[in-house]
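Down below is the structure, laid out as structure tokens.
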Amino acid sequence: MLIDSHCHLVHKNYEIPLEQILSEARENDVNKFITIGTSIKENVIAMQTAEKIRDVYCSIGIYPHEDKKITIKELRNSLKENLKRSSKIVAIGECGIDISNWENGRKIEDQIELFEMQIDLAKENNLPIIIHNRNGDKEVLKLLEKHSSFDLRGVIHCFDSTWEFAQKVLNLGFYVSFSNLITYPRKDDVLEVVKNIPMNRFLVETDAPYLPPQSLRGKKNYPKYVRIVTEKVAQVKQKTFEEVSKASYENTCKLFSIL
Ligand SMILES: [Zn+2]
Numbered sequence: 099m100l101i102d103s104h105c106h107l108v109h110k111n112y113e114i115p116l117e118q119i120l121s122e123a124r125e126n127d128v129n130k131f132i133t134i135g136t137s138i139k140e141n142v143i144a145m146q147t148a149e150k151i152r153d154v155y156c157s158i159g160i161y162p163h164e165d166k167k168i169t170i171k172e173l174r175n176s177l178k179e180n181l182k183r184s185s186k187i188v189a190i191g192e193c194g195i196d197i198s199n200w201e202n203g204r205k206i207e208d209q210i211e212l213f214e215m216q217i218d219l220a221k222e223n224n225l226p227i228i229i230h231n232r233n234g235d236k237e238v239l240k241l242l243e244k245h246s247s248f249d250l251r252g253v254i255h256c257f258d259s260t261w262e263f264a265q266k267v268l269n270l271g272f273y274v275s276f277s278n279l280i281t282y283p284r285k286d287d288v289l290e291v292v293k294n295i296p297m298n299r300f301l302v303e304t305d306a307p308y309l310p311p312q313s314l315r316g317k318k319n320y321p322k323y324v325r326i327v328t329e330k331v332a333q334v335k336q337k338t339f340e341e342v343s344k345a346s347y348e349n350t351c352k353l354f355s356i357l
């Protein structure tokens, strides 16, 4: 039994319909899915998908560069309204820091304000946060240290940093999630994290339709390929596939309070 802890189930980039995406995943023993919201529009789609399909859960959040024209206050109100409307929202996010050459993206100060608004919302609602971190180790760590307490928990998704950084977020109580990035060449830093991380502190995900496994680069990614992430983790940790799938399944259910 596997859970794809982070995917975008409704996305224009897919070449097959949702029913087929889910049935192919189930044939590969991927039975539960968390579909991720990234903007006001996507949040509604994620919620509708989760309401319709039993084993699909969702998160709602604002990605660092989305909905740039809307004020933080309005974004907060939108998220709060969503929270009232669905019982299948298991997390706030993805939110965080993205330092890349995103066209017309938010400035770092504005990203921090948006991220902190979502951290507060997660605490108020006793929900975990799903953190996007692209080149933002320093900023993410600073904010997590500032807000960390027993009522803030979450995961750094698509982990792509060092064991040094991983240890710091693990010490703050956060989980780390591995994607098919770990199958790419020259990923020694993150492979060291895979090797060292305790069995009760990691999740697996696809981030589909992005980040296909190395063997399928250039193609679309699908939730069924969370199996490939799991195989790679097992290989690096010198554990069996069953041990890794059981651990990541249990860790995901625990973090997101999924029964
Ligand atoms: Zn994502």
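Numbering of the sequence shown is given in our numbering, commencing with residue 99 and proceeding in unit increments. By construction, the Cβ of each residue, glycine as well, lies at the ideal position given by its N, Cα and C atoms.
**Request:** Hey, could you find the ends of the beta strand (DSSP E) cysteine 256 is sitting in?
**Result:** Counting along the chain, no beta strand (DSSP E) covers cysteine 256, and no H or E run does either.
**Request:** Tell whether a beta-carbon distance below 9 Å holds between valine 324 and valine 342.
**Result:** In this structure, valine 342 does not lie closer than 9 Å to valine 324 by Cβ.
**Request:** Flag cysteine 193 as yes when its Cβ comes closer than 8 Å to any non-hydrogen atom of ligand 1, and as no otherwise.
**Result:** In this structure, ligand 1 has no non-hydrogen atom nearer than 8 Å to the beta-carbon of cysteine 193.
**Asked** From valine 253 to tyrosine 273, what does the alpha carbon distance come to, in whole angstroms?
**Response** Here the alpha carbon of valine 253 sits roughly 4 Å from the alpha carbon of tyrosine 273.
**Prompt:** Where do the N-terminal and C-terminal ends of the beta strand (DSSP E) with isoleucine 61 fall, by residue?
**Reply:** The question about residue 61 has no answer here: the residues shown for the chain are numbered 99 through 357.
**Asked** Using a threshold of 8 Å, is the CB atom of cysteine 156 nearer than that to any non-hydrogen atom of ligand 1?
**Response** With a threshold of 8 Å, the Cβ atom of cysteine 156 does not count as near ligand 1, since no heavy atom of the ligand is closer than that.
**Prompt:** Comparing alpha-carbon positions, which option in Ser275, Pro296, Glu211, Glu164 lies nearest glutamate 201?
**Reply:** The option with the nearest alpha carbon to glutamate 201 is Glu164.
**Request:** Drop a sphere of 10 angstroms on the beta-carbon of glycine 194, count the other beta-carbons inside from all chains shown, and report buried for 16 or more, exposed for fewer.
**Result:** The residue is buried, with at least 16 neighbouring Cβ atoms inside 10 Å.
**Prompt:** In the structure shown, what three-state DSSP assignment does leucine 357 receive?
**Reply:** It is coil, neither helix nor strand.
**Prompt:** Can you give the Cα-Cα distance for lysine 322 and arginine 284, rounded to whole angstroms?
**Reply:** Rounded to whole angstroms, lysine 322 and arginine 284 show a C-alpha spacing of 24 Å.
**Prompt:** Assuming isoleucine 206 contacts methionine 145 under a Cβ cut-off of 8 Å, what Cβ separation, rounded to an integer in Å, is found between them?
**Reply:** Not a contact, Cβ separation roughly 29 Å.
**Message:** My output table needs one value for serine 313: the three-state DSSP class, helix, strand or coil.
**Reply:** Residue state, collapsed to three classes: helix.
**Message:** Since isoleucine 138 and serine 157 should fall inside the 8 Å C-beta cutoff, what is the C-beta to C-beta distance between them, to a whole number of angstroms?
**Reply:** With a contact defined as Cβ atoms closer than 8 Å, isoleucine 138 and serine 157 miss out at about 14 Å.
**Request:** Can you have a look at asparagine 319 and say buried or exposed, based on whether 16 or more other CB atoms are within 10 angstroms of its CB?
**Result:** Counting other Cβ atoms within 10 Å of its Cβ, asparagine 319 reaches 16 or more and is therefore classed as buried.
**Item:** CA nearest to the CA of isoleucine 97, picked from Ile356, Ile151, Leu212, Glu149
**Value:** A question about residue 97 goes unanswered here, because the residues of the chain that appear run from 99 up to 357.
**Item:** Presumed contact (8 Å Cβ cut-off) between leucine 289 and leucine 309, rounded CB distance
**Value:** Not really, about 16 Å apart at Cβ, beyond 8 Å.
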